[in-house]
Amino acid sequence: MQALDAQPVDGTCKGLPPTLAPIAFREIGQQGWNLLNQDLAFPVAVLKRSAVQNNREWMKAFLRHTGARIAPHVKTSMSPQLFQAQLEDGAWALTAATANQVAVLRRFGVPRILIANQVLGRQNVALLFDELAREEGAELLVIVDSASSLEALLEGGRGRALKRRLGVLLEVGAPGGRTGLRDAAEACALAQRIAGSDIVELRGLESYESVFPGLPEEDKLPRIERMLQAMLGLASDCLAAGWFAAGEIVLSSGGSEYFDIVVKRLSEWRALQGQVVVIRSGCYLAHDHLAYARAFDRLLARQPELDGIAPHLAGALEVWGIVQSRPEPGTFIVTVGKRDISFDFEMPVARLHYRPAFGARPRALDAQYRVTRLNDQHAFVQCDAQADVQVGDLIGFGISHPCTTFDKWQLIPVVDDVYDVRSAIRTFF
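First residue of the sequence shown? That's 0 in numbering that gives the first Met the number 0, and the numbers climb one at a time after it.
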């Protein structure tokens with residue numbers, strides 16, 4: 000992290016002043032910049048420091064309340080500063096999806112990594128076993144859902160002098176879902192084969208429950224329950240057969256939408272050797288203003304006792320642009336587009352409006368302001384014909400789905416509640 004702090008940044012970095020001569024990354028918070036003073040280049044994404052801290056505290060309280068552990072999925076931000084904060088908060092592990100993500104985590108010394116994906120390809124598999132061959136290598140857990148994905152791992156480990164076996168989690172799936180085993184007999188046969196290996200060992204089970212897009216909530220929830228019940232049934236079968244390796248049995252599921260259901264259901268299972276329920280939410284730290292905000296409201300409706308954990312999760316990631324044109328009375332165009340902000344779930348929301356005449360703080364925008372479409376570098380915002388919006392005004396957008404906003408920025412300033420820049424984060428996409 001010290002080397003990262005010392006790396007130079009300059010005006011070629013999106014969001015920083017284009018006239019900026021090189022400074023050390025750690026000096027960003029010492030420049031006296033303020034977003035509302037237009038000290039940054041627009042468009043610019045910022046993280047609200049207070050909201051991030053709020054979300055850290057909420058998740059820590061949730062985990063204390065439920066007894067679950069978390070391995071946050073780093074694909075959301077791929078930011079060493081953020082995943083270091085999550086480790087400081089007591090994360091059981093960090094979750095990755097690809098070998099390159101694992102390489103980033105190992106570069107920054109992460110000691111335990113859950114790879115919530117099948118790992119295939121010679122170079123990808125080699126990374127795992129290179130780690131196992133090192134004295135100071137990480138503890139790795141990787142998922143398999145077929146004899147073929149298992150064989151890819153076994154082939155990569157054959158002939159190597161391994162200091163320990165590679166941890167494997169069997170992935171349980173569901174009809175109409177994504178990856179994961181559907182057939183209990185096939186799952187048991189795979190578990191038995193893993194248990195007999197000197198290259199891999201069965202450490203637990205894994206699933207991902209949010210794999211039914213487009214279904215109404217009343218249809219989705221029973222499918223999630225059935226998937227989790229299948230997972231517990233398989234866990235009992237593996238336990239009875241003695242296929243699990245020594246140590247705690249890992250039961251992992253739970254993205255950023257239904258982790259309350261996952262914890263409640265998986266915590267019902269008990270093993271004498273001990274078990275750990277691990278959720279993998281990656282979005283909670285930044286949250287959002289639309290999709291996950293609505294999901295959080297549904298979570299509180301399902302589990303009213305969690306309403307007492309306050310303050311609630313809050314959107315921390317904003318993207319700001321300048322009104323560049325008012326071509327028609329009912330439309331203005333802002334310098335934010337598909338290259339800058341997520342649009343895969345839905346259009347972003349215009350939330351905040353600022354010009355110096357407003358004083359020290361932006362004013363909130365109401366529902367009449369609606370983003371109707373995005374081009375690469377332009378946002379089309381519909382408004383009332385009499386709306387007081389001028390060319391040169393600043394507009395702050397809330398997002399839907401933080402993962403696909405983070406990946407558009409290599410550097411994101413961290414601001415306080417008056418938009419003074421206090422630090423920054425880097426990303427490694």
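Here a beta-carbon is modelled for each residue, glycine too, at the ideal position from N, C-alpha and C. The structure presented is a predicted model; accordingly, all values stated were derived computationally and were not measured.
Item                                                                                                                                                                                   : Value
For Val-143, which residues of its own chain have a beta-carbon under 6 Å away from its beta-carbon, when the five flanking residues on both sides are left out?                       : Leu-149 and Val-167
If we count Cβ pairs, one from each stretch, closer than 8 Å, do we get three or more for the region 226-238 versus the region 265-277?                                                : yes
Going by C-alpha distance, which of Leu-231, Phe-211 and Met-230 is nearest Arg-222?                                                                                                   : Phe-211
On a Cα-Cα basis, can you pick out the residue from Ser-255, Val-275, Leu-227 and Gly-175 that is closest to Glu-247?                                                                  : Val-275
Which residue spans inside the region 142-214 form an unbroken alpha helix (DSSP H) run of at least 4?                                                                                 : 146-156 and 183-194
Please return the same chain residues whose Cβ sits closer than 8 Å to the Cβ of Ile-112, not counting the five positions on each side in sequence.                                    : Ala-92, Leu-93, Thr-94, Ala-95, Val-101, Leu-104, Arg-105, Ala-137, Glu-138, Leu-139 and Leu-140
Looking at C-alpha atoms only, which residue of Leu-126, Ala-285, His-311 and Asp-296 is the closest neighbour of Leu-46?                                                              : Ala-285
For Ser-324, which three-state DSSP category applies?                                                                                                                                  : strand
Quick one: is Met-58 buried, meaning 16 or more other Cβ sit within 10 Å of its Cβ, or exposed?                                                                                        : buried
Cutting at 8 Å between CB atoms, please list the residues of its own chain near Asp-343, excluding the five before and the five after it.                                              : His-400 and Thr-403
Tell me whether Ala-423 is buried or exposed, calling it buried when 16 or more other Cβ atoms sit within 10 Å of its Cβ.                                                              : buried
Report buried or exposed for Met-77, applying the criterion of at least 16 other Cβ atoms within 10 angstroms of its Cβ.                                                               : buried
CB-CB under 8 Å to Gly-28, same chain, minus the five flanking residues each way: which ones, in chain order?                                                                          : Val-413, Val-420, Arg-421, Ser-422 and Ala-423
Among the candidates Phe-379, Ala-309 and His-64, whose CA atom is the shortest distance from the CA of Met-346?                                                                       : Phe-379
Taking Cβ to Cβ, would you say Gly-281 is nearer than 8 Å to Thr-75?                                                                                                                   : yes
Give every residue of the same chain whose Cβ lies closer than 7 Å to the Cβ of Leu-3, excluding the five residues on either side of it in the sequence, and list them in chain order. : Phe-24, Pro-79 and Arg-425
Just reading off the beta strand (DSSP E) that Gly-395 is part of, what are its end residues?                                                                                          : 393-397
Under a three-way DSSP split, which group does Tyr-291 fall into?                                                                                                                      : helix
Identify which residue in Arg-163, Gln-367 and Leu-204 has its Cα closest to the Cα of Ala-183.                                                                                        : Leu-204
Comparing alpha-carbon positions, which option in Val-388, Leu-312 and His-72 lies nearest Ile-332?                                                                                    : Val-388
Which residues in the same chain have their Cβ closer than 6 Å to the Cβ of Leu-35, if we skip the five residues on either side of it in sequence?                                     : Tyr-353 and Tyr-418
Taking only runs of the beta strand (DSSP E) that begin and end inside the region 67-139, which ones reach a length of at least 3 residues, in chain order?                            : 93-95 and 111-114
Three-state secondary structure (DSSP) at Val-441?                                                                                                                                     : This structure does not reach residue 441, given that the chain is present from 0 up to 428, and the question cannot be answered.
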